[in-house]
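Student: Residue numbers (my numbering): 108 to 237. Each residue gets a CB set at the ideal place from its N, CA and C atoms; glycine is no exception. The structure is given below, and queries will be raised subsequently.
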């Protein structure tokens, strides 16, 4: 049973990493578009490209630590909180789900983030953390 749990948690960690790191890379590739998202969804306006680069690079560094299983309380917590904020800030899209089907994918991913955080001490497969 523990081996299946370990594989399951690793697959969750890897898949969550792929999604999160793509969002972070997007901040580097399209900082203006990312700034519009920050303004529209998080009500944080006036972010310049340099700020988006800094945010994106910081997120990527934390996400790499996350996928490697380093400092699990902090990195898994960071992923959970940032994805949780992103999911909650999109609440208006959930009011008309058939017009915004892609936003619904955030909900099971949030569940995966919660699962990883709660079971972080059991997530040891391919993990550098203790």
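#1: For a quick check, are the C-beta atoms of residue 117 and residue 226 less than 9 angstroms apart?
#2: Beta-carbon separation of residue 148 and residue 193 under 9 angstroms?
#3: Does the contact criterion of 3 or more C-beta pairs under 8 angstroms hold for the segment 125-142 versus the segment 150-170?
#4: Which residues in the same chain have their Cβ closer than 6 angstroms to the Cβ of residue 236, if we skip the five residues on either side of it in sequence?
#5: Going straight from the alpha carbon of residue 172 to that of residue 190, what length do you get?
#6: Starting from residue 120, trace the alpha helix (DSSP H) both ways and give me its first and last residue.
#7: Helix, strand or coil for residue 234 per DSSP?
Tutor: So, from the listed chains and residues:
#1: Within the chain shown, the letter at position 10 stands for residue 117. Within the chain shown, the letter at position 119 stands for residue 226. No; because the gap between Cβ atoms is not below 9 angstroms, this pair is not in contact.
#2: Translated into the one-based positions of the chain shown, residue 148 becomes position 41. Translated into the one-based positions of the chain shown, residue 193 becomes position 86. Yes, the pair counts as a contact, with Cβ atoms nearer than the cut-off.
#3: yes
#4: Sequence index remark: in the chain shown, residue 236 carries index 129 (1-based). Hits under 6 angstroms: 176, 177, 179.
#5: Within the chain shown, residue 172 is the residue found at index 65, counting from 1. Within the chain shown, residue 190 is the residue found at index 83, counting from 1. Whole-angstrom Cα-Cα distance: 16 angstroms.
#6: The residue you call residue 120 lines up with position 13 of the chain shown. Here the alpha helix (DSSP H) through residue 120 covers 109-136.
#7: For the purposes of this step, residue 234 is identified with residue 127 of the chain shown, where counting begins at 1. Residue 234: coil per DSSP, three-state reduction.
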